[in-house]
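Participant: Below is one structure. I have some questions about it.
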Amino acid sequence: MTGDSGVAPKAHIPALDGLRGIALLLVLLLHFRAPDLMHPWKGILGLGWVGVQLFFVLSGFLITGILLDTRQAPNYFSTFWMRRILRIFPLYFAALTVLLFAFPTVVVLGDKYLPNQADRIYYWMYLNNWVPLPADGRLEHILGHFWSLAVEEQFYLAWPVVVWLLPARRLFRWCNIACLLVLAARTSCIWLGWDPSWIYRNTILRSDALMMGAMTAVLVRETSWVVLVRPWLKTALWGTGAASLAVLAAGRGTHYLHPPVLATGLTVFAVAFAVVLTVIVTAPRGGGFLEYPVLVWFGRHSYGMYVWHWPLAYALYYSYPAMGLQKGTGQIALLVAGLAGSSLLGWLSYEVYEKRFLRLKQYFQVQPEPVQDRAFFTASVSAGTTSNRSPTMP
Numbered sequence: 000m001t002g003d004s005g006v007a008p009k010a011h012i013p014a015l016d017g018l019r020g021i022a023l024l025l026v027l028l029l030h031f032r033a034p035d036l037m038h039p040w041k042g043i044l045g046l047g048w049v050g051v052q053l054f055f056v057l058s059g060f061l062i063t064g065i066l067l068d069t070r071q072a073p074n075y076f077s078t079f080w081m082r083r084i085l086r087i088f089p090l091y092f093a094a095l096t097v098l099l100f101a102f103p104t105v106v107v108l109g110d111k112y113l114p115n116q117a118d119r120i121y122y123w124m125y126l127n128n129w130v131p132l133p134a135d136g137r138l139e140h141i142l143g144h145f146w147s148l149a150v151e152e153q154f155y156l157a158w159p160v161v162v163w164l165l166p167a168r169r170l171f172r173w174c175n176i177a178c179l180l181v182l183a184a185r186t187s188c189i190w191l192g193w194d195p196s197w198i199y200r201n202t203i204l205r206s207d208a209l210m211m212g213a214m215t216a217v218l219v220r221e222t223s224w225v226v227l228v229r230p231w232l233k234t235a236l237w238g239t240g241a242a243s244l245a246v247l248a249a250g251r252g253t254h255y256l257h258p259p260v261l262a263t264g265l266t267v268f269a270v271a272f273a274v275v276l277t278v279i280v281t282a283p284r285g286g287g288f289l290e291y292p293v294l295v296w297f298g299r300h301s302y303g304m305y306v307w308h309w310p311l312a313y314a315l316y317y318s319y320p321a322m323g324l325q326k327g328t329g330q331i332a333l334l335v336a337g338l339a340g341s342s343l344l345g346w347l348s349y350e351v352y353e354k355r356f357l358r359l360k361q362y363f364q365v366q367p368e369p370v371q372d373r374a375f376f377t378a379s380v381s382a383g384t385t386s387n388r389s390p391t392m393p
């Protein structure tokens, strides 16, 4: 964006890589807990679920920022979608192929740790997070963490259209309204007794975090808004931090399926992370400890590490009883093995495989010369092949 821009768009902000690295580490702490870990450490490490919420806020911020900064480009749609495809699809579908076809042939009882046969088609379509729990309750499997990838992919598909249709400040207002509606809808679903696991994985009922990130992307690009909020950011940090602790206390623990946490806690944490993002991006100096190389490294390799860490966790859980370790020692060993193994898998995934596709992004740059994206989209609307031009939610 140009003109009334609060923050000049940057090609890369290392502190955001560091923040993504923290989100990943939180998830790893959650998923590499020892089965016999006792309180209070079990509850403390269980707080790692907030890492997924941080991922969603970051995605909403970064994706909306990219779209706002390129919305006038004539090849706006094709550039964005092709670059997302090159970033996401190769690893996702390679992992599905390995885990659904190769894994059961080399691991005894491997099929036991996979989704039901009838549900596997939804993983290929990025719709697995909409599937209700099967009758046998088989949710915890080595593809169980792919629900969040489905949420993000659905966001990538729909959000460029929304940003293209709405001026930035109107987009901000619609996102604000959407957050309130999602909060009300999620609370109503809990009150009606809907399955908490399905609520937690549902795209619409988790979209408040994406919307908070999107609102932050708009805010930091408006000079007058940045000037208005900057004096209050420190107060906002303390306030949202206190609210987050209050939600956890009301939930009688840190588990994300506790009704108070699931109903309001997700939104509270999304607001808190949006405030953190605003502080980072509008800070006159660098990102401080978030720019430490180790955190930036984790952030840059977070996609591969996230994809492969959960199958690794299953392998470690399976062998954990045979280790014969005491509880404290066992937890340390599990965390070290999980972190080291995930780091190695993430590094190999990125350096050996993902980078080959990322190099192709150079062929999909924003072009100044006229192309057919906008005319094609308009023609599609007229032909009825897409939805109408009213602002809709993903």
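For what it's worth, numbering that gives the first Met the number 0 labels the leading residue of the sequence shown as 0, then goes sequentially.
Note that the Cβ used here is the ideal one computed from N, Cα and C, for glycine as well.
Is the Cβ-Cβ distance between S212 and V56 less than 8 Å?
Facilitator: Within the sequence shown, residue 212 is the residue found at index 213, counting from 1. Within the sequence shown, residue 56 is the residue found at index 57, counting from 1. Here residue 212 is Gly; the residue named in the question, Ser, does not match the sequence. Yes, Cβ-Cβ distance for G212 and V56 is below 8 Å.
Participant: In or out: T266 buried (at least 16 other Cβ within 10 Å) or exposed?
Facilitator: Here residue 266 is taken as the residue at index 267 of the sequence shown, counted from 1. Burial call: buried.
Participant: Measure the alpha-carbon distance for L261 versus F268 and round it to whole angstroms.
Facilitator: As a working mapping, residue 261 is identified with position 262 in the sequence shown. As a working mapping, residue 268 is identified with position 269 in the sequence shown. Cα-Cα distance, rounded: 11 Å.
Participant: Who are the near neighbours of V270 in its chain, counting only those whose CB is closer than 7 Å to its CB and skipping five residues on each side?
Facilitator: Taking the sequence shown and counting its residues from 1, the one referred to as residue 270 is at position 271. Excluding residues within five positions, the ones whose Cβ falls inside 7 Å are M211 and T239.
Participant: Under 6 Å Cβ to Cβ from G329, same chain only, skipping five residues before and after it: list those, please.
Facilitator: For the purposes of this step, residue 329 is identified with residue 330 of the sequence shown, where counting begins at 1. If we look at G329 and ignore the five residues flanking it on each side, its Cβ neighbours are A33.
Participant: As an exercise, report each continuous beta strand (DSSP E) stretch of at least 3 residues that is fully enclosed by the segment 132–181, in chain order.
Facilitator: Runs found: none.
Participant: Report the rounded CA-to-CA distance for V106 versus V130, giving the unit in angstroms.
Facilitator: For this step, residue 106 is matched to residue 107 along the sequence shown. For this step, residue 130 is matched to residue 131 along the sequence shown. Going by the C-alpha atoms only, they are around 26 Å apart.
Participant: What runs of the alpha helix (DSSP H), each 4 residues or longer, lie entirely inside the segment 235–290?
Facilitator: Those alpha helix (DSSP H) runs which fall completely within the segment 235–290 and span 4+ residues are 265–281.
Participant: Is it right to say P283 is buried, meaning 16 or more other beta carbons lie within 10 angstroms of its own, or is it exposed?
Facilitator: Taking the sequence shown and counting its residues from 1, one reaches residue 283 at position 284. So P283 counts as exposed.
Participant: To the nearest angstrom, how far is it from the Cα of G50 to the Cα of Y305?
Facilitator: Within the sequence shown, residue 50 is the residue found at index 51, counting from 1. Within the sequence shown, residue 305 is the residue found at index 306, counting from 1. Each residue's alpha carbon lies about 11 Å from the other.
Participant: Beta-carbon within less than 7 Å of W123's beta-carbon, same chain only, minus the 5 sequence neighbours each way: which residues are those?
Facilitator: The residue you call residue 123 lines up with position 124 of the sequence shown. For W123, where only same-chain residues beyond five positions count, the Cβ hits under 7 Å are L95.
Participant: With DSSP as the reference, label I12 as helix, strand or coil.
Facilitator: Start at 1 with the first residue of the sequence shown, and residue 12 comes out as number 13. In this structure, I12 counts as coil in the three-state DSSP scheme.
Participant: Out of M214, C188 and P166, which has the shortest C-alpha to C-alpha gap to N175?
Facilitator: In the sequence shown, residue 175 corresponds to position 176, counting from 1. Comparing Cα-Cα distances from N175 to each of M214, C188 and P166, the minimum goes to M214.
Participant: Count the C-beta pairs between the segment 216–228 and the segment 273–289 that are closer than 8 Å, then say yes if the count reaches three, no if not.
Facilitator: Yes, the segment 216–228 touches the segment 273–289.
Participant: Helix or strand or just coil, what does DSSP make of R86?
Facilitator: Working through the sequence shown from its first residue, we reach residue 86 at position 87. R86 falls in the helix class under three-state DSSP.
Participant: Can you tell me which of the three DSSP states P367 falls into?
Facilitator: What you label residue 367 is simply residue 368 of the sequence shown in a count that begins at 1. Coil, per DSSP.
Participant: Return the CA-CA distance between L66 and Q153, expressed in angstroms with no decimal places.
Facilitator: On the sequence shown, position 67 is the one that residue 66 refers to. On the sequence shown, position 154 is the one that residue 153 refers to. Their backbone Cα atoms lie some 16 Å apart in a straight line.
Participant: Could you give the residue range of the alpha helix (DSSP H) that holds S196?
Facilitator: Locating residue 196 in the sequence shown gives position 197, counting from the first residue. Where S196 is concerned, the enclosing alpha helix (DSSP H) stretches over P195 to R200.
Participant: In whole angstroms, what is the alpha-carbon distance linking Y352 and L90?
Facilitator: One-based indexing of the sequence shown puts residue 352 at position 353. One-based indexing of the sequence shown puts residue 90 at position 91. Cα to Cα, the separation comes out at about 8 Å.
Participant: Excluding the 5 residues preceding and the 5 following L276 in the sequence, name in chain order all residues of the same chain whose CB lies nearer than 6 Å to its CB.
Facilitator: To locate residue 276, count along the sequence shown from 1; it is residue 277. Cβ neighbours of L276 beyond the five flanking positions: F60 and T215.
Participant: Just to confirm the assignment, what range does the alpha helix (DSSP H) spanning R299 have?
Facilitator: Counted from its first residue, the sequence shown places residue 299 at position 300. Element bounds for R299: P292 to R299.
Participant: Since I believe V274 is in contact with L236 (beta carbons under 8 Å), could you give me their beta-carbon distance rounded to a whole number of angstroms?
Facilitator: In the sequence shown, residue 236 corresponds to position 237, counting from 1. In the sequence shown, residue 274 corresponds to position 275, counting from 1. Contact flag correct, Cβ pair sits at about 6 Å.
Participant: Exposed or buried, L23, counting other C-beta atoms within 10 Å across all chains shown (16 or more means buried)?
Facilitator: Position 24 of the sequence shown holds residue 23. When all chains shown are included, L23 counts as buried.
Participant: Grouping DSSP H, G and I as helix and E and B as strand, with all else coil, what is M124?
Facilitator: Mapped onto the sequence shown, residue 124 falls at position 125. Three-state result, M124: coil.
Participant: Since L113 contacts I141 with CB under 8 Å, what's their CB separation in whole angstroms?
Facilitator: The count along the sequence shown starts at 1 and reaches residue 113 at position 114. The count along the sequence shown starts at 1 and reaches residue 141 at position 142. Right, the Cβ-Cβ distance comes to about 7 Å (below 8 Å), so this counts as a contact.
Participant: Starting from the C-beta of I12, find all residues in its chain whose C-beta is less than 6 Å away, skip the five residues before and the five after it, and write them out in chain order.
Facilitator: Taking the first residue of the sequence shown as position 1, residue 12 is located at position 13. There are no such residues.
Participant: Tell me which residue opens and which closes the alpha helix (DSSP H) that Q52 is part of.
Facilitator: By 1-based counting over the sequence shown, the position of residue 52 is 53. Counting along the chain, the alpha helix (DSSP H) containing Q52 begins and ends at V49 to T69.
Participant: Which of helix, strand or coil does DSSP assign to G192?
Facilitator: Taking the first residue of the sequence shown as position 1, residue 192 is located at position 193. Note: G192 maps to coil in three-state DSSP.
Participant: What first and last residue would you give for the alpha helix (DSSP H) that runs through K354?
Facilitator: As a position in the sequence shown, residue 354 is number 355, starting the count at 1. Where K354 is concerned, the enclosing alpha helix (DSSP H) stretches over K354 to L357.
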